[in-house]
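Undergrad: Can you keep this structure in mind? I'll have questions shortly.
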Amino acid sequence: MARFDASLTRYASEWHSSDQAPFLSLRSSSTSLHLDRPDLGLSPFSRAHHLQLPNSYPVCTLVPVSMTLSSIAKHSLARTSTRTTSKCSLHPKHARYFSPSAPASSSSLPRPYRFHVGASWAGKPHDPRGPRVKSNPFPPDSPVGRWRDATLARPNAAAGKHIGEDFFYIQDGISLGVADGVGGWTESGIDPSLFSQALMFHAHRYSKVAWPGEPEVDPMQEYEEREQVEGWELSPVECLESAYGGVLRERNVLAGSSTACILTLNASTGVLRAANLGDSGFLIIRGSQVIYQQRAQTHFFNCPKQLSKLPTAQKRFSRAVVDHPSDADLCEIKLRHGDLILAYTDGLSDNVFPSEMVAICSLVARQFQFSRRTLTPSGETEIEGNVEDQEVQAMAERIVDYARICMANTKRVSPFERAAAREGMYFRGGKVDDVTVIVAMVQEAI
144 MARFDASLTR YASEWHSSDQ APFLSLRSSS TSLHLDRPDL GLSPFSRAHH
194 LQLPNSYPVC TLVPVSMTLS SIAKHSLART STRTTSKCSL HPKHARYFSP
244 SAPASSSSLP RPYRFHVGAS WAGKPHDPRG PRVKSNPFPP DSPVGRWRDA
294 TLARPNAAAG KHIGEDFFYI QDGISLGVAD GVGGWTESGI DPSLFSQALM
344 FHAHRYSKVA WPGEPEVDPM QEYEEREQVE GWELSPVECL ESAYGGVLRE
394 RNVLAGSSTA CILTLNASTG VLRAANLGDS GFLIIRGSQV IYQQRAQTHF
444 FNCPKQLSKL PTAQKRFSRA VVDHPSDADL CEIKLRHGDL ILAYTDGLSD
494 NVFPSEMVAI CSLVARQFQF SRRTLTPSGE TEIEGNVEDQ EVQAMAERIV
544 DYARICMANT KRVSPFERAA AREGMYFRGG KVDDVTVIVA MVQEAI
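Under our numbering, think of the first position of the sequence shown as 144, with each following residue one higher.
Shown next, in the form of structure tokens:
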């Protein structure tokens, strides 16, 4: 395997938001992350108020925190109501990988866009002091159980580990989503993972009935006059509504709630459409900049908007948070060749700044570019298979690796710490949580 030396003479970071901590610098020779703690500006009063979370998990010891971004990238090739809308327009602004492929019944119209998708995840460590939950998981021979096991039978950064209360789906590379089960239900003896698994199962099931941008032939015209027309596309919010209805009908899901982020990628027009409810989300990287990041939806600090299913005839849940798919933020963006889309749960956004995600993706991309130019004695590159699929998979894995490091570090400022400081609360370091990341790369036929 060719050795990649991520040496950069200069790296300029543009800070578009106060949420991005100005401590990232990439040095020539080491390309290291500087984890300095900037002054949070907390008053003596606010410092005395420590943030108490509903579920307090012990800090897990993973690997030394003083890890460089280059060391993260080094292993990439070795391991393969009124609806609230946010209408954005950025037009001209041990298993398998997921890439879109047209159904056998589709016509031969060219598909200008192709999307390469990789996913990785890691569940948080078990807390022996936490409440015990008697879980009845979906049986392996049930529809949800079979789909769940098949979805998890793919490479990820924590091979052999559980995914926790998160879940995700990828439908042939052109529809994808993430969900984060709300952990507060464990205090009531409810397993939060069942809701998020069922929600993603039904989102995947409903997304199969429509292919975004898939061309069809109009059967009402004569053969010589037939036109190839745009296929029907199920919008993300419609998919979310249908999936939520499916969860409400699931007998195995007695109660629970979850955030959700669903995206469709149109292979004909290159348009991304999204529906986001809660503090999961997505961002788009173009070049070396984040051109769009979905805002988190919350009722108040650390209480995201969420889809819920309440137990019947139990008054103690009468004040539970119940939101609806129609409350989701909607977005539509025109994609370009080379764009990267990152969809994630809050285990990532609470611990890793967007600029750090960009830096990791850039380092992995540079390594793959280097390896493409490196030939073996036989004249072949050292990368086998679809290079783009392996590249996005490596990006997802490295980002999850780094998120796990950050959440175990109490000496660096985290996005969650900054958010707590804005509320006058004190929270130090990373926030231990499940983390799920999907990375999609846009490839345009030129």
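Every residue gets a Cβ at the ideal spot worked out from N, C-alpha and C, and that includes glycine.
Give the straight-line distance between the Cα atoms of C404 and Q510, rounded to the nearest whole angstrom.
TA: So the alpha carbons of these two residues sit roughly 30 Å apart.
Undergrad: DSSP beta-bridge partners for L506?
TA: Beta-bridge pairing links L506 to no other residue.
Undergrad: With a CB to CB cut of under 7 Å and the five nearest residues on each side skipped, what residues in its chain are close to C115?
TA: One cannot answer for residue 115 here, as it falls past the ends of the chain, which runs 144 to 589.
Undergrad: Report the three-state DSSP secondary structure of I548 (helix, strand or coil).
TA: In this structure, I548 counts as helix in the three-state DSSP scheme.
Undergrad: Can you tell me which of the three DSSP states P255 falls into?
TA: Coil at P255, not helix or strand.
Undergrad: Use the C-beta contact count for T329: other C-beta atoms within 10 angstroms, 16 or more gives buried, fewer gives exposed.
TA: Buried: at least 16 other Cβ atoms inside 10 Å.
Undergrad: Give the secondary structure of G389 by DSSP, where H, G and I count as helix, E and B as strand, and everything else as coil.
TA: DSSP places G389 in helix when its eight states are reduced to three.
Undergrad: Sort out for me which residues DSSP pairs S401 with in a bridge.
TA: DSSP output for S401 lists G324 and L450 as bridge partner(s).
Undergrad: Three or more C-beta pairs under 8 Å: does that hold for the stretch 461 to 477 against the stretch 561 to 575?
TA: No, because fewer than three Cβ pairs between the stretch 461 to 477 and the stretch 561 to 575 fall closer than 8 Å, the two stretches do not touch.
Undergrad: I'd like to check one pair, V582 with L485: are the Cβ atoms closer than 7 Å?
TA: Yes, Cβ-Cβ distance for L485 and V582 is below 7 Å.
Undergrad: Per DSSP, R429 is paired with what?
TA: For R429, which the question treats as bridged, DSSP gives the partners Q432.
Undergrad: Pull up the CB-CB distance for D544 and T488, whole angstroms please, since I reckon it's below 8 Å.
TA: Not a contact, Cβ separation roughly 16 Å.
Undergrad: Rounding to the nearest angstrom, what Cα-Cα distance links S336 and V530 in this structure?
TA: So the two alpha carbons sit approximately 33 Å from each other.
Undergrad: Could you compute how far the alpha carbon of A346 sits from the alpha carbon of L450?
TA: C-alpha separation (whole angstroms): 13 Å.
Undergrad: Can you tell me the Cα-Cα spacing of A265 and S278, whole angstroms?
TA: Answer to the nearest angstrom: the Cα atoms are 19 Å apart.
Undergrad: If you drop the 5 nearest sequence neighbours on each side, which residues of the same chain put their C-beta closer than 7 Å to that of G572?
TA: Result list for G572: N552, T553, K554, R555, S557 and E560, in chain order.
Undergrad: Considering just the uninterrupted stretch of the beta strand (DSSP E) at D472, what are its terminal residues?
TA: Run containing D472: D472 to K477, per the beta strand (DSSP E) assignment.
Undergrad: In whole angstroms, give me the CA-to-CA distance for R297 and F311.
TA: For R297 and F311, the distance between alpha carbons rounds to 12 Å.
Undergrad: What residue range does the beta strand (DSSP E) around Y312 cover?
TA: From DSSP, the beta strand (DSSP E) with Y312 extends over D309 to Q314.
Undergrad: Can you name, in chain order, every residue of its own chain whose Cβ lies under 6 Å from the Cβ of S334, other than the five neighbours on each side?
TA: Note that residue 334 corresponds to Asp in the displayed sequence, not to Ser. Excluding sequence neighbours, D334 sits near V276 and S278.
Undergrad: Using the C-alpha atoms, what's the distance from D270 back to V352?
TA: Straight-line Cα distance between these residues: approximately 40 Å.
Undergrad: Excluding sequence positions up to five away, which residues of its chain have a Cβ less than 6 Å from the Cβ of F344?
TA: Result list for F344: V287 and W290, in chain order.
Undergrad: Helix, strand or coil: which one does DSSP assign to D126?
TA: Not covered by the structure: residue 126. The range shown for the chain is 144 to 589.
Undergrad: So who's on the other strand from I484, going by DSSP bridges?
TA: I484 pairs with I427 and A583.
Undergrad: Considering just the uninterrupted stretch of the alpha helix (DSSP H) at A346, what are its terminal residues?
TA: Here the alpha helix (DSSP H) through A346 covers S336 to S350.
Undergrad: Would you report the Cα separation of T455 and R254, rounded to the nearest angstrom?
TA: Computed Cα separation, rounded: 48 Å.
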